[in-house]
Structures are given as C-alpha cells and as structure tokens.
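Structure, as structure tokens:
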Amino acid sequence: MLNKVIAIIPEDTKLLELLAEAETYRPTSLGDIAYHEKTGDVIVKLAGTVKDNMESSYTDYLYTTDEQASISYKIDKKYNVFKGVVCLNFTKSTTTTNTVFRVYGDDVLIYESPNVTAGAIPTPFQIDVSNVELLKIEITRDAYAAGINAFIGTPILQR
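Following this note's numbering, the numbering of the sequence shown begins with 23 at its first residue and continues without gaps.
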C-alpha cells in the first residue's frame with residue numbers, strides 16, 4: 023500500500039522512511055543473508071523443492087549430508103524470532119539414520135530438535151533470538167546418508 027502512495031507522491035521523505043521501516047519487518051530466509059562461519063557441508067537452498075514425509079513442500083530449506091556440520095550467522099540482535107519446521111525427507115521416510123538439529127545463541131543452546139528418523143513428524147519451532155548476536159545451527163547425524171535425509175523447512179528470521 024505504501025508503494026502505491028509513494029508512486030503518487032515520490033518525493034515524500036517521510037513516506038520513504040516509513041516504507042524502509044516496514045521492509046525491516048519482512049521475514050528473512052537464511053538463504054538471503056551471508057553466513058558468518060560454516061563447518062562441513064551445510065546447504066541452504068532457495069530453489070528447488072523438497073517434501074517432508076507428510077508431503078508438505080518447501081522451497082527454502084537447510085540440510086547437510088555430513089555426519090556433523092554447522093553454520094552461523096551474525097544477526098546482531100536485529101531479529102526477534104528464528105523459526106522453521108524440522109522435517110524428515112519424504113524420500114527417506116524409512117531411514118534408520120538419526121538426525122538432531124541444535125540452535126545456539128551466542129554459544130548457549132536455545133533449541134534442540136526431537137530426533138528425526140523413520141516415523142518422525144514435521145515439528146515446527148519458534149525461538150526467541152532478540153538478544154542474540156551470533157546464531158549457530160548445528161546438525162548431527164549418526165551415520166552418513168546420501169542426499170537430503172532431514173532438513174529445516176522455511177528457516178526464517180523475523181523482526
């Protein structure tokens with residue numbers, strides 16, 4: 023709506039400031055921001071589609087094929103919430119591999135997912151990160167498994 027008003031009154035600095043402020047509240051995919059540090063092969067996808075074992079589709083997702091991997095982001099207290107859905111891949115619904123996702127805020131554990139293996143159902147999470155400067159996501163699997171076994175669907179930060 024602000025864009026329509028700005029099209030009519032393009033020189034109004036107050037409206038431009040309001041639009042810039044409103045944009046900061048838009049959810050931000052982890053794939054849209056640069057990571058700070060990465061160990062192992064963590065992939066944040068913004069293209070393609072993966073389905074969970076309940077057949078919901080995700081176009082943004084985070085996963086690894088390694089047994090141990092992590093990725094961190096400097097978020098400098100700019101966001102209030104980190105949320106997503108911990109999922110088992112539809113094509114790996116009978117896997118015996120166990121995967122756990124852990125989220126750290128400034129090196130303090132703030133979330134640990136349930137074990138993701140055969141029979142696991144998608145688990146949404148929402149974590150307060152309002153006082154976090156460095157967000158780290160750690161993925162641990164008990165065995166190597168080719169392809170996407172478990173993933174975080176729609177991993178976003180929101181103000």
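Every residue gets a Cβ at the ideal spot worked out from N, C-alpha and C, and that includes glycine.
In the structure shown, the three-state DSSP call for Lys-114 is helix.
In the structure shown, the three-state DSSP call for Gly-53 is helix. In the DSSP assignment, Leu-156 falls within the beta strand (DSSP E) that extends over 156-163. Counting C-beta atoms within 10 angstroms of its own C-beta, Val-130 has fewer than 16 neighbours from the protein chains shown and is therefore classed as exposed. Taking C-alpha positions only, Glu-89 is separated from Thr-119 by approximately 10 Å.
In the structure shown, the three-state DSSP call for Thr-35 is helix.
Taking 8 Å as the upper bound for CB-CB distance, Leu-68 and Ile-174 are not in contact here, some 13 Å apart. Shortest Cα-Cα distance from Phe-112 to any of Gly-106, Lys-105, Gln-148, Ile-143 involves Ile-143.
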